[in-house]
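Numbering (this note's numbering), first residue to last: -19 to 282.
In this text, a Cβ means the ideal position worked out from N, Cα and C, and glycines have one as well.
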Amino acid sequence: MPGSANPPFPDLSGVPEGTDDEAARHADAETILGETRPTRTRLGSLESERANRVWWDADTDDYHRTHGEFLGVDSAAGEFVWCPEGLHEGDVQLLGPVAGRDVLELGCGSAPCARWIAGQGARAVGLDISMGMLQRGRAAMTGSGPTVPLVQAGAENLPFADGSFDIVCSAFGAVPFVADSARVMREVARVLRPGGRWVFSVNHPMRWIFPDDPGEQGLVAMFPYFDRTPYVEVDATGRPTYAEHHRTVGDRVRELVAAGLEVYDIVEPEWPEHLDREWGQWSPLRGSIFPGTAIFCSRKPT
């Protein structure tokens, strides 16, 4: 998910679309927010949530012009694509059986995943901090396709009762964009029923050490893996307009375990031979050498 930085600051922003013209990729956001600059600085939960709400509201239209077709946003049935490698839930079934289950998608954006889940017979709910994204999702719910309730809220404070869901999932949403991801894990554990699954995809943590470049320059390690200082974009007044928070693989596992969840798999999708698409830092070149995505699979004990 898009940031606008160039080296020496890594653009570690979810699933950006790689082009040579960063400004053109986010023209609407640049117009709304003005010129921004990248930095590394600590941000609390409220500042981070406010910044990312500002960004995603501003970037909604550009994001969907770039990514909408690949993600199946305007498909009547929605689609569930886990990552830029094109891994589809219909093929890998990381969530297990969903029919008849209560499912929450965190950081749903325009909710193509939640709609796809609903089409498989689940009672799905989508949650996101961006009203712009949610409005885009509502606009896509037309015709014969499934509809799902959409909730505007942050992932660190889920507005649901204990034990409300059988499954919680997130495809490059919410987790990297919150200051306190350990709290997100605790909140997910709280709203899950015993035996419920929590599965989420994020940038593979090792990608933090490389520049945001799909070519050969993106193969040179430049940034400390253990530096957890957030990547932040600020406007001319110093106001944060985007934030992303790095955690190591070990950090993620410890957060899950501390929340009382059992980690049963970490999926690292390989780059498909047929996929010649560059997508931000993702590319056939880099994908043939090291992973770009990590999918953490956990469950709440029975």
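Asked                                                                                                                             : Found
Where the beta strand (DSSP E) through alanine 223 begins and ends                                                                : 220 to 224
Environment of arginine 266 [buried if 16+ CB atoms lie within 10 Å]                                                              : buried
Option nearest leucine 26 by Cα separation, candidates Thr16, Arg95, Thr46 and Val158                                             : Val158
Span separating the alpha-carbon of glycine 112 from that of histidine 254                                                        : 34 Å
Residue interval of the beta strand (DSSP E) (run including alanine 151)                                                          : 145 to 151
At least 3 beta-carbon pairs within less than 8 Å: the stretch 238 to 256 vs the stretch 146 to 157                               : no
Neighbourhood of arginine 116 by C-beta, 7 Å cutoff - its chain only, sequence neighbours within 5 removed                        : Thr40, His44 and Ser90
Alpha helix (DSSP H) runs wholly inside the stretch 41 to 107, at least 4 long, in chain order                                    : 69 to 72 and 92 to 99
Neighbourhood of phenylalanine 60 by C-beta distance below 6 Å, restricted to the same chain and skipping five residues each side : Glu69, Cys93 and Trp96
Sequence-distant residues of its chain with Cβ nearer than 6 Å to tyrosine 222 (five each side left out)                          : Gly(-17), Ala31, Trp35 and Glu213
Within 8 Å, strictly: CB atoms of valine 171 and leucine 199                                                                      : no
Delimiting residues of the beta strand (DSSP E) encompassing proline 174                                                          : 172 to 183
Local Cβ density within 10 Å of isoleucine 269, reported as buried at 16 or more and exposed below that                           : exposed
Segment contact flag, the stretch 167 to 187 with the stretch 75 to 88, C-beta cutoff 8 Å, min 3 pairs                            : yes
Counterpart residues of aspartate 245 in DSSP-defined beta bridges                                                                : Cys277
Contact under 8 Å by Cβ, glutamate 224 with proline 204                                                                           : no
Integer Cβ distance of isoleucine 275 from valine 237, believed to fall under 8 Å                                                 : Isoleucine 275 to valine 237, Cβ: 17 Å. No contact.
Nearest neighbour of leucine 107, chosen from Val131, Ala98 and Ala57 [CA to CA]                                                  : Val131
Proximity of valine 164 and glutamate 196 at Cβ, strictly below 8 Å                                                               : no
Beta carbon of threonine 16 nearer than 8 Å to that of aspartate 215                                                              : yes
C-beta contact flag for glutamate 65 and threonine 273 at 8 Å                                                                     : yes
Residue from Arg118, Glu85 and Glu235 whose Cα sits closest to the Cα of threonine 127                                            : Arg118
Which of helix, strand or coil DSSP assigns to valine 200                                                                         : coil
Residue burial classification, serine 124 (beta-carbon count within 10 angstroms, cutoff 16)                                      : exposed
Range of the contiguous beta strand (DSSP E) that encloses arginine 17                                                            : 17 to 20
Sequence-distant residues of the same chain with beta carbon closer than 6 Å to serine 263, five excluded per side                : Pro194
Residues that DSSP places opposite valine 168 in a beta bridge                                                                    : None, per the DSSP bridge assignment.
For leucine 130, the three-state DSSP class (helix, strand or coil)                                                               : strand
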